[in-house]
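S.K.:
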Amino acid sequence: MTTESRVKKNFCFLLYNIDPGGLEVYLLRFFRHYQGQFRATLICKSGKTGALLKGYEDAGVEVITVRTGYMNPVSLWKIYRLLRNRKFDGICDLTSNFGGLYMWLARKASIRSRVAYYGQSTNHFRSSALKSSFDRMVNRLVYRNATAIVLNSHTATDNFFPYRVAGDPRFKVVYNGVDAAMFSDEKDDEMKQALGIPVSSFVIGHTGRFDEKKNHQAVLDLAVRACATWDDCYVICCGKGTEQLQESINRRQLDGRVLALGYRDDVHRILRTFDVFYFPSYTEGQPNSLIEAMMAGLPFVASDIVPIRDTVPEHLQGQLVGPDDVGSAFHLIQRMKEDRQLRIRLSCRDWAIEAYNANDRFREFLESVAGDQIV
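According to my numbering, the stretch in the sequence shown is residues 66 to 440, in order.
1. Measure the alpha-carbon distance for Q399 versus D253 and round it to whole angstroms.
2. Counting beta carbon pairs with one atom in the stretch 172 to 189 and one in the stretch 384 to 398, are three or more of them shorter than 8 Å?
3. So, L385 versus L363, is the Cβ gap smaller than 8 Å?
4. Give the secondary structure of A181 by DSSP, where H, G and I count as helix, E and B as strand, and everything else as coil.
5. With DSSP collapsed to three states, give me the class of V207.
6. Would you please state the rounded distance, in angstroms, between the beta carbons of G155 and L88? I believe it to be under 8 Å.
7. Per the contact definition of three or more C-beta pairs closer than 8 Å, is the stretch 75 to 82 in contact with the stretch 97 to 112?
8. Out of curiosity, what's the CA-to-CA distance linking P352 and Y91?
9. Given a cut-off of 8 Å, decide if A291 and C302 are closer than it, judged by their beta-carbon atoms.
10. Which ranges would you report for the beta strand (DSSP E) in the stretch 268 to 355 if only whole runs of at least 3 residues count?
11. Looking only at its chain, what residues have a beta carbon closer than 8 Å to the beta carbon of L117, apart from the 5 residues adjacent to it on each side?
12. Would DSSP call G436 helix, strand or coil?
13. With a cut-off of 8 Å, do at least 3 Cβ pairs link the stretch 413 to 422 to the stretch 240 to 248?
14. Does the stretch 247 to 264 come into contact with the stretch 213 to 231, if we say contact requires no fewer than three beta-carbon pairs (one atom in each stretch) closer than 8 Å?
15. Since T222 is in the alpha helix (DSSP H), which residue starts that stretch and which ends it?
16. Nearer than 7 Å: is that true of the beta carbon of R317 relative to any heavy atom of the ligand PLP?
17. By the 10 Å Cβ neighbour count, where 16 or more other Cβ atoms means buried, how is K74 classified, buried or exposed?
18. So the beta strand (DSSP E) V215 belongs to, where does it begin and stop?
19. Taking the beta carbon of A259 as the centre, do at least 16 other beta carbons fall within 10 Å, making it buried, or is it exposed?
20. Give me, in chain order, the residues of the same chain whose beta-carbon lies closer than 6 Å to that of V323; leave out the 5 immediate sequence neighbours on both sides.
21. Assign F163 to one of three DSSP states: helix, strand, or coil.
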């Protein structure tokens with residue numbers, strides 16, 4: 066049977082929504098990479114879509130909304146009927162332990178390939194007795210019903226499944242894939258001017274949504290020190306919700322020196338205005354933002370946490386500091402500001418392009434979703 070005559074495989078994916086975030090952008094890039102090669106349906110479990118809807122639709126993905134809650138029997142029945150009637154070849158739930166119920170439903174609906182995907186290294190909800198009990202239940206449902214359990218770090222494997230049987234072939238670590246062609250290490254002076262920043266300025270940048278776990282407090286603390294020390298220093302925060310930092314920026318008298326851009330669909334150009342990337346997260350799965358910064362050739366200072374140690378090359382582990390250790394971060398950045406050649410030596414663009422090659426990493430993910438089926 067030729068590729069042209071082969072019936073396309075039909076896969077279902079589940080997310081909370083498709084507002085911009087590391088996982089949502091990753092999945093969109095995956096769909097674009099394989100556009101037209103299989104049929105894809107995405108169920109948004111929050112009952113809402115998000116700002117990336119047009120991108121998903123342009124990539125040929127059918128987007129459906131179902132408000133699921135924790136254990137809403139009506140929505141569970143609705144999803145079960147959809148899974149059964151659509152006769153999907155495979156299903157992938159990308160909501161970590163919360164995919165447990167849907168792995169169970171997919172098994173009841175006789176879906177051959179059932180994949181639970183973990184894009185974070187730890188749970189992100191505030192724990193309580195009730196939530197912890199529910200979390201343990203759905204975690205066990207994943208373990209009993211998934212045909213593959215895909216995580217993007219070994220840390221996540223250990224945190225979510227410490228009880229797993231050694232050598233269980235269902236467990237796979239699949240690293241993020243990024244299309245290197247999107248990112249350049251050439252500076253974008255035109256974008257600097259558009260942002261109102263002098264072309265000769267030194268820019269410390271951060272990308273990532275506004276979230277307590279991203280530790281924007283440390284970014285602002287660093288900005289206070291850096292802007293007081295260097296008249297030519299500017300700080301840029303780019304990501305969904307970062308405009309909420311403006312009040313703190315004004316209170317610290319940093320207006321005009323710290324820019325909170327909010328969500329941008331041209332992050333690849335924003336990165337080209339940066340001289341150094343600062344990433345003080347408290348927790349990460351596998352950080353897309355840091356990977357993109359490395360692909361853009363940027364030297365970085367980032368958090369010394371296991372998921373980030375697993376993401377960057379071994380010879381640059383010295384660029385990692387405690388998430389709240391603003392003093393050490395400042396001194397590392399000071400060295401880079403004073404030595405342009407050092408900034409060049411600390412770039413790991415070539416390493417990142419090879420490590421997170423889109424063709425290889427996306428193929429690993431697709432093979433997990435398809436199981437033993439040919440796509």
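Every residue gets a Cβ at the ideal spot worked out from N, C-alpha and C, and that includes glycine.
Every value quoted in this text rests on a predicted model; they were computed, and no experiment measured them.
M.R.: Walking through what the data contain:
1. 22 Å
2. no
3. no
4. strand
5. helix
6. 18 Å between Cβ atoms; not a contact.
7. yes
8. 11 Å
9. no
10. 298 to 303, 323 to 327 and 341 to 344
11. I83, D84, P85, E89, V90 and L93
12. coil
13. yes
14. no
15. H219 to F225
16. The ligand content of the structure shown is nil, which means the ligand PLP is not present either.
17. buried
18. A213 to L216
19. exposed
20. A288, V300 and I314
21. helix
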